[in-house]
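Input: a single structure, listed below in structure tokens.
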């Protein structure tokens with residue numbers, strides 16, 4: 066059977082369409098989709114890589130900022146914190162509670178002395194000056210009221226000393242107020258300065274705040290009830306020796322007289338253990354009582370030893 070050319074062309078075209086469709090569905094389309102997926106995955110990886118790079122840069126920037134702040138803080142610590150030794154004007158919070166109570170008052174007195182000296186700076190005349198509060202009488206009161214711990218995460222002295230009034234010239238007053246920034250060991254700030262009067266005699270009033278960061282690695286974990294009162298109650302008290310008492314004396318024995326009964330001793334109790342009789346004076350016979358008529362009385366039951374032995378009788 067011989068086909069016409071047109072049929073051959075149609076059959077060839079149909080077979081070509083089928084082959085192309087098979088190739089598109091089974092090969093080209095999956096490959097193109099996989100290529101798109103790979104491209105999208107590559108874009109995602111590039112995005113994540115960019116995020117990692119940016120995160121690393123942010124970490125480096127944060128570390129640099131922390132290092133800068135640490136350097137600034139170290140500069141503040143070097144010039145605006147009190148020493149850690151009591152003899153240098155600072156304080157050590159790691160001492161036992163009873164020692165901290167006394168050390169806090171010594172520290173307060175030293176700080177008050179330094180403020181009094183700074184108030185004279187500039188050659189002005191002080192009209193009204195500040196007085197520091199006295200620390201409490203227990204470790205807990207000292208830490209919470211004077212060093213603001215644990216209200217604040219670290220011990221710090223915060224003193225709002227109120228208004229201070231001074232008298233002097235304009236130059237003296239300005240030099241005095243600006244001098245507080247050089248108050249070594251603390252951060253002192255003078256604010257709300259007002260001037261009254263006529264030059265050269267002016268009266269200045271300003272508000273003063275002082276902040277001191279306490280450098281302490283440890284704080285002694287003492288009980289909250291340790292106080293000056295309890296510490297004083299346990300201290301030994303001094304005693305004075307008493308006067309010596311009067312010497313004890315005994316009455317002199319009575320010398321027996323012949324023919325008279327001796328009245329020095331009293332007869333002992335009946336039936337007791339016999340005690341040693343008193344010695345008989347020389348040239349005197351001991352008196353013997355005549356036996357009673359009838360039956361002899363039975364001996365009494367054993368009793369306690371009499372306190373006083375019976376005395377010898379006189380002659381009948």
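Numbering (my numbering), first residue to last: 66 to 381.
Glycine is no exception: its CB is placed at the ideal position from the N, C-alpha and C atoms.
For residue 167 and residue 247, I'd like the C-alpha separation in whole angstroms. In this structure, the CA atom of residue 167 is about 29 Å from the CA atom of residue 247.
Delimiting residues of the alpha helix (DSSP H) encompassing residue 97 | For residue 97, the enclosing alpha helix (DSSP H) covers residues 94-145.
Q: Please determine, among 93, 123 and 213, the residue with the shortest C-alpha to C-alpha distance to residue 277.
A: Closest by alpha carbon: 213.
With a threshold of 8 Å, are at least 3 pairs of Cβ atoms found where one atom belongs to the stretch 206-222 and the other to the stretch 258-267? At 8 Å Cβ cutoff, the stretches do not touch.
Alpha carbon of residue 112 to alpha carbon of residue 72, nearest angstrom: So the two alpha carbons sit approximately 57 Å from each other.
Q.
Buried or exposed for residue 70, going by 16 or more other Cβ atoms inside 10 Å?
A. Exposed, since its Cβ has fewer than 16 Cβ neighbours within 10 Å.
> Excluding the five sequence neighbours on either side, which residues of its own chain have a C-beta within less than 6 Å of the C-beta of residue 230, listed in chain order?
Replying inline: Once the five neighbours on either side are set aside, the close Cβ partners of residue 230 are 192, 193 and 270.
Rounded C-alpha distance that separates residue 205 from residue 186: Using only the alpha carbons, I get a separation of about 36 Å.
Problem set entry | Contacting residues, own chain, Cβ-Cβ under 6 Å from residue 172 (five flanking each side not counted) | Counting only Cβ-Cβ distances below 6 Å, and skipping sequence neighbours, we find 156.
Quiz item: Counting along the chain, where does the beta strand (DSSP E) carrying residue 269 start and finish?
Solution: That run of the beta strand (DSSP E) goes 266-278.
Look up residue 158 in the DSSP assignment and say whether it is helix, strand or coil.
In this structure, DSSP gives residue 158 a state outside helix and strand, which the three-state scheme calls coil.
For this session: Below 8 Å on the Cβ atoms is my guess for residue 175 versus residue 201; work out the distance and round it to an integer in Å.
Result: For residue 175 against residue 201, the beta-carbon gap comes to about 18 Å, at or over 8 Å, which does not count as contact.
With distances taken from CA atoms, which of 209, 233, 236 and 234 is nearest residue 223?
The candidate whose alpha carbon is nearest that of residue 223 is 209.
### Task
Can you say whether residue 203 is buried or exposed, counting buried as having 16 or more other CB atoms within 10 angstroms of its CB?
Its Cβ being crowded by 16 or more others within 10 Å, residue 203 is buried.
Distance check for residue 108 and residue 143, CA to CA, integer angstroms please.
Taking C-alpha positions only, residue 143 is separated from residue 108 by approximately 52 Å.
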